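Engineer: Just dropping this structure here.
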Amino acid sequence: MSDALSIYFAGDLFDHKDLIGNALLAAYIEKESSGRYRCILPQDLEQGSNRKEHIRNQDLKMVMEADLGLFNFDGPDLDSGTVVEFVVAKQLDIPTVILRSDFRNAGDQDVGGDSWNLMCSFYPRNEVISVNGMEWYQAARASNKQIQDTINTLYSKLAGRVIEGFDNARETAPLATEPEFIEKLYQWAIKFPGAGLEEFIADSNWVANVIEKKKRKGLFG
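Using numbering that gives the first Met the number 0, the first residue of the sequence shown is number 0, and each one after it goes up by one.
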């Protein structure tokens, strides 16, 4: 759908569990939202070069272009690349959802706080969804005999929570409202990473086009 809101889906993508889990959740988010939300998976982006800076620049460009950001915060220690992408999204006032399905406690926060380092918490226009993945899996498995049915039950429920999170994040008033300030934010975002990101984007109208697209979708108020 041309009017769908794009979601940059950030998280681990280093083994078959990560890759398939990301793809399944992305598909169910689109399905359960009736096409309102569409995920962009870094693992599915074609790599035109093996140069590491090219891969980084491509991913950062997609973070900036996306309407929304979904950040998988599973694991005893957060994936560093995901954290960088989250901070870039927050710098640009992009509405975000943090998802954690890992039932293990981690981080340095008080009881009842988020299960990760406190420096990654408390940002505006961000919804935190923290669920016990093991409990959800066991409940889905108990009500289904076939693994396909277990998957459908589990991912439909998880996607529903993510969609609710994005609906809530989008209702939060944007911090950036002045057109000149918004443009400066995006111009700085393509400059500060260095390593050829500005040249990689190349198009002199890229910032203006991205901002205009997001304004049309109501993301800047």
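For glycine and all other residues, C-beta sits at the position ideal for the given N, C-alpha and C. A quick note: this is a predicted structure, and the numbers were derived from the prediction, not measured.
Just to confirm, is the Cβ distance from Ala175 to Ile28 under 7 Å?
Structural biologist: No, they are not a contact pair.
Engineer: For Glu52, which residues of its own chain have a beta-carbon under 7 Å away from its beta-carbon, when the five flanking residues on both sides are left out?
Structural biologist: Ala194 and Gly195
Engineer: Which residues in the same chain as Gly68 place their Cβ atom closer than 6 Å to its Cβ, once the five residues preceding and following it in sequence are excluded?
Structural biologist: Tyr7, Ala88, Ile93 and Thr95
Engineer: Short check: CB of Gly132 to CB of Ser155, under 7 Å?
Structural biologist: no
Engineer: From the DSSP output, in three-state form, read off Glu177 for me.
Structural biologist: coil
Engineer: Kindly provide the ranges of any beta strand (DSSP E) runs that are 3 or more residues long and lie completely inside the segment 31-63, ordered along the chain.
Structural biologist: 36-39
Engineer: By the 10 Å Cβ neighbour count, where 16 or more other Cβ atoms means buried, how is Ala207 classified, buried or exposed?
Structural biologist: exposed
Engineer: For the beta strand (DSSP E) containing Leu4, name the first residue and the last one.
Structural biologist: Looking at the DSSP string, the run of the beta strand (DSSP E) that includes Leu4 is Leu4 to Ala9.
Engineer: Just grab the DSSP bridge partners of Gly68 for me.
Structural biologist: Tyr7 and Thr95
Engineer: Work out the CA separation of Phe85 and Gln186 for me, nearest whole Å.
Structural biologist: 18 Å
Engineer: Under 7 Å between the Cβ atoms of Ser5 and Ile39?
Structural biologist: yes
Engineer: In terms of residue numbering, what span does the alpha helix (DSSP H) encompassing Val206 cover?
Structural biologist: Trp205 to Arg215
Engineer: Tell me whether the beta-carbon of Pro75 lies closer than 7 Å to the beta-carbon of Ala26.
Structural biologist: no
Engineer: So is Phe180 buried or exposed if we call it buried at 16+ other beta carbons inside 10 Å?
Structural biologist: exposed
Engineer: Can you name the start and end residues of the beta strand (DSSP E) that Asn125 belongs to?
Structural biologist: Per DSSP, the continuous beta strand (DSSP E) segment holding Asn125 begins and ends at Asn125 to Ser129.
Engineer: Below 7 Å CB to CB, which residues in the same chain sit around Ile210 once its five sequence neighbours on both sides are set aside?
Structural biologist: Ile181, Glu182 and Tyr185
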